[in-house]
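Chains as they are written, first to last, in the numbering used here: chain A, 41 to 227; chain B, 41 to 227; chain C, 41 to 227; chain D, 41 to 227; chain E, 41 to 227; chain F, 41 to 227.
Note that CB positions come from ideal geometry on N, CA and C, so glycine has one too.
Data block below; observations after.
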């Protein structure tokens, strides 16, 4: 099963963390894993993996953000993007448990017309990597933004993040099992 | 892009439709496709591909159901299950646009504690196949069930189904493109 | 991790057990698994998956055999054959711990010039399947054979089999992790 | 079939040789290949691909080592690690033919409680690469070590290495054929 | 390298030959192989693997045809169709060496507006299979057809077929090597 | 479908263009694409991806060349080389429509014993990339060369290139569909 860890120390996310084995090297967690941490998010164009954002000259900034990083091995990138969309759906569903009404648009989450999230999925030679960030504080964002704390009033970010990582790890496990319990079909 | 088609004729879903090229042979749609139709759903144990249901002796029945069948080629089964979960999330999100509050539990959709859906994903030699069924009428179901019409009051099933197929086809297309617009990462 | 189970009841191995989800349907173990059991082994040509044996008209018979069956999902057949060879190596190594000198020749184990084992790996639509059988009693075998009990004097087959399954499950797990802990290389 | 070559010239192994097309560029052998050579082995932490060793601060040193390098194309990394384990098993079996008793622990070979080998498998964009080194001389090693010559008394390293490469190339070929001679199974 | 064999005995092609291990079982050629033979070709709708032809009610008939069957393992179907197109191109090029002007349209070969060939590629659990047939005699064909002998005057079918099989086996080998001799590219 | 674009501006091809997302970043075409442009071609050894050419010390030069670059995602390199051979066949066939007699030798096109083309296929982390260049002017080439204009007299390079790109995009689409319209085969 995907290992999960909430990192209590603040980490400034600058894009370089979306790198193979960053989790393993920094937190000694080997294999498929998802971690979460809080901190400023400031990704310069030169660090961005989303070429569309580079072309559109849209760097990423958030004064204070909850970031999830997951690395999963032996997976192609299209499947990696599907695993990203699943993470986004699970975040949406966890927010719904808190009573919020959220709209998902691909890998974006929107509350009251304001952007809550950024996300990207990419590939290394041996793995896929996903970053998903949720604003905690919305001020200073380059677009109309919403924040988990500033707009939604969620105070206990650690519990919120841990619930999401747990649900994600369990559903990926469930999906792998779902692929083992059906008979193939013929014509 | 995945082709979509709403089939106006009623079809009784008995499980045999979850078969390679059923869409192509019956509706002359070649390649990746999703179709929807209405009719009774009555899948005997002998026709079920979900071995878990067979072990638990849980045949599927619905007096009147909206069924989606999608066949997609050149995809592994784990990725196929992820594509199933995406379809379930999109159905949930479309119901939310209609104003309903829906809970997703893996590949199950639940309204007010009552089961709205059944779903399975499987593999043939050349493709993955997904069936997702939503009760239109809930009476006679083997479990506490909800229906699109009987409980939720949705009358225009064709529009509802078409919206879902369109959103699904567009998001799969978007996911494929998302895998082409990011630079790989190194260490 | 691959689940392991020693089945105390005798099972006559006739080839039909090398079938997708045989483990799941009979022992309710979902996902990657290896099981072991004892019984007569009598595989008719019509049941054999090894076409080479069919061409050579070599049915398989053993009066009393320890059989391992493993099913593993989301794996190609070449990798499946490599996983078979690993199982054979682990059986050889476990016999060495008991003090025996064993020769491996591909997927055959040989003791004192006599054949101890039969093995085959094949594929279903969703999985690879391996059967490896070790004679417990050698009499009546179609070739010069050795038996775990009749020649080697191993009495506690259950412990012997359980050690092998445990070592195999651990090494497959270790191999999966080994693929997650190395940086890729460039030129 | 995998091409094999024993390189008579000494080569100091510093890790940089575990690089895509190193064999092709240096020895003009195109395609899947395994080569062997002798020389000092001195891999600094900065050159290591095994992140676990880097984390544990365990550089590799051997005063005089027999190194095997193999590059194989169109293979995933998990299968690459399985092909590494096969190489280790074959080395063990060749040593057994010389009359030694060897223990394998994953990708380590141990004689009389002393480590004989180092090994790693990794991936490039187009291939997997494996390095396996066997101490010839054990003095100066960072752990309790055994050497082919210093402890085991094997003088003709070239013959020993050539036997291993030959057996490895033949078994990989045999494994590929084994995947072509079985009928698939259905349920 | 793909093994090649011209079968001197006549074989009536009825579609059932496009089956996994047909080459191995009948001619004892293990692994990737291509064979050629002559005979009547009469494929009923019930035996056809091309569903498009079934839908269009287009059975295949040729009074006397040169048929190629190739089975190749560990290949996906899209790649299998590319390998089919390569075979078609090589047949075209061999005909050009004989001085003929040929047009290729996908997997069809056309001479002077008349159809020379039929072809299909499909998949089994462990392999891809291709049938390509070239009319030797054109009379009795269901469409305007050309024949190697009746229109083009080629008498020595065995030499012609052998040249094609040899060129095909060599180019597949060359393609595999071409994938091993380029460095990967980065951004 | 693969997007196509003829670039009217001259571009000097120096090898650096065979790089992931070069098409997307420069022409804002996302996803599978093929582009064509004219210009001098001057690839130094240090920029070459074909290691065979580097070993043989064969840099590439053409005074004026029509270059095709295609990037296709989610494809392995062996399949990428097959897609390169298809492009070469399509160029040959388009030249035949213009009335020329062309010989293909792997990925080389030859007219009257003179080399018309250069081509290479390689891989990035997320895609395969192909460059195929056709001399427009043959003078100054390092080998006996032919040119589209200087020898063959083709004046309208843009139309010629556009026909090829269109035919290539259509056939790749046709190949993908061909893999969706056949039933799998069993034994």
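Report buried or exposed for residue i, applying the criterion of at least 16 other Cβ atoms within 10 angstroms of its Cβ.
i, result
"residue 221 (chain B)", "buried"
"residue 199 (chain D)", "exposed"
"residue 97 (chain A)", "exposed"
"residue 111 (chain E)", "buried"
"residue 163 (chain B)", "buried"
Under 7 Å between beta-carbons, which chain C residues line up against residue i? List them in chain order, please.
i, result
"residue 122 (chain D)", "119, 122, 123, 126, 215"
"residue 116 (chain A)", "Correct list: empty, because the minimum Cβ distance to chain C is about 12 Å."
"residue 211 (chain D)", "146"
Kindly list, in the order they appear in chain F, the residues whose Cβ is closer than 8 Å to that of residue i.
i, result
"residue 68 (chain D)", "95"
Among the options, which one has its Cα closest to the Cα of residue i?
i, options, result
"residue 223 (chain B)", "A:77, A:95, A:131", "A:95"
"residue 146 (chain F)", "E:213, E:167, E:201", "E:213"
"residue 204 (chain A)", "A:140, A:190, A:132, A:186", "A:132"
"residue 81 (chain E)", "E:219, E:196, E:179, E:201", "E:179"
"residue 42 (chain D)", "D:57, D:50, D:52, D:64", "D:64"
"residue 83 (chain F)", "F:226, F:225, F:206, F:172", "F:172"
"residue 158 (chain C)", "C:152, C:148, C:140, C:119", "C:148"
"residue 45 (chain A)", "A:90, A:108, A:152", "A:108"
"residue 99 (chain E)", "E:86, E:69, E:176", "E:86"
"residue 89 (chain A)", "A:226, A:151, A:150, A:168", "A:168"
"residue 138 (chain A)", "A:226, A:92, A:195, A:119", "A:195"
"residue 53 (chain D)", "D:77, D:73, D:69, D:166", "D:77"
"residue 75 (chain F)", "F:227, F:119, F:202, F:101", "F:202"
"residue 188 (chain C)", "C:163, C:227, C:154", "C:154"
"residue 206 (chain A)", "A:130, A:93, A:50, A:177", "A:130"
"residue 67 (chain B)", "E:69, E:150, E:225, E:92", "E:92"
"residue 71 (chain E)", "C:70, C:197, C:118, C:140", "C:118"
"residue 55 (chain A)", "A:69, A:49, A:101, A:73", "A:101"
"residue 50 (chain E)", "E:79, E:59, E:69, E:127", "E:79"
"residue 177 (chain D)", "D:140, D:59, D:156, D:69", "D:156"
"residue 60 (chain C)", "E:197, E:128, E:165", "E:165"
Cβ closer than 9 Å: which chain D residues qualify as neighbours of residue i?
i, result
"residue 166 (chain E)", "219, 220, 222, 223, 224"
"residue 146 (chain E)", "Residues of chain D passing the Cβ test: none, with the nearest at roughly 27 Å."
Please list, in chain order, the chain B residues whose beta carbon lies closer than 8 Å to that of residue i.
i, result
"residue 43 (chain C)", "The contacting residues do not exist; residue 43 (chain C) stays about 16 Å from chain B at best."
Cα separation between residue i and residue j?
i, j, result
"residue 114 (chain F)", "residue 105 (chain D)", "40 Å"
"residue 116 (chain C)", "residue 186 (chain B)", "41 Å"
"residue 161 (chain D)", "residue 219 (chain C)", "8 Å"
"residue 208 (chain D)", "residue 103 (chain D)", "26 Å"
"residue 62 (chain A)", "residue 47 (chain A)", "13 Å"
"residue 310 (chain A)", "residue 211 (chain E)", "Nothing can be reported for residue 310 (chain A): it is not among the residues displayed for chain A, which extend from 41 to 227."
"residue 122 (chain A)", "residue 182 (chain E)", "47 Å"
"residue 175 (chain D)", "residue 135 (chain D)", "13 Å"
"residue 152 (chain C)", "residue 216 (chain D)", "28 Å"
"residue 191 (chain F)", "residue 142 (chain F)", "13 Å"
"residue 193 (chain D)", "residue 57 (chain F)", "55 Å"
"residue 150 (chain C)", "residue 120 (chain B)", "43 Å"
"residue 227 (chain A)", "residue 73 (chain B)", "17 Å"
"residue 144 (chain E)", "residue 170 (chain E)", "17 Å"
"residue 69 (chain B)", "residue 128 (chain B)", "23 Å"
"residue 140 (chain D)", "residue 184 (chain D)", "18 Å"
Name the chain E residues that come within less than 9 Å of residue i, Cβ to Cβ?
i, result
"residue 65 (chain B)", "91, 94, 95"
Taking Cβ-Cβ distances shorter than 8 Å, what residues in chain C pair up with residue i?
i, result
"residue 162 (chain D)", "222, 223, 224, 225"
For residue i, which residues in chain E fall below 8 Å Cβ to Cβ?
i, result
"residue 169 (chain F)", "225"
For residue i, which residues in chain B fall below 7 Å Cβ to Cβ?
i, result
"residue 200 (chain F)", "In chain order: nothing, as chain B lies at least about 28 Å away."
Residues, ordered as in the chain, of the segment 52-63 of chain D that lie near chain C by beta-carbon distance below 7 Å
58, 59, 60, 61
Members of the segment 129-160 of chain A that neighbour chain B once the beta carbon cut-off is set at 7 Å
Of all residues in the segment 129-160 of chain A, 129, 133, 144, 146, 160 have a Cβ within less than 7 Å of some Cβ in chain B.
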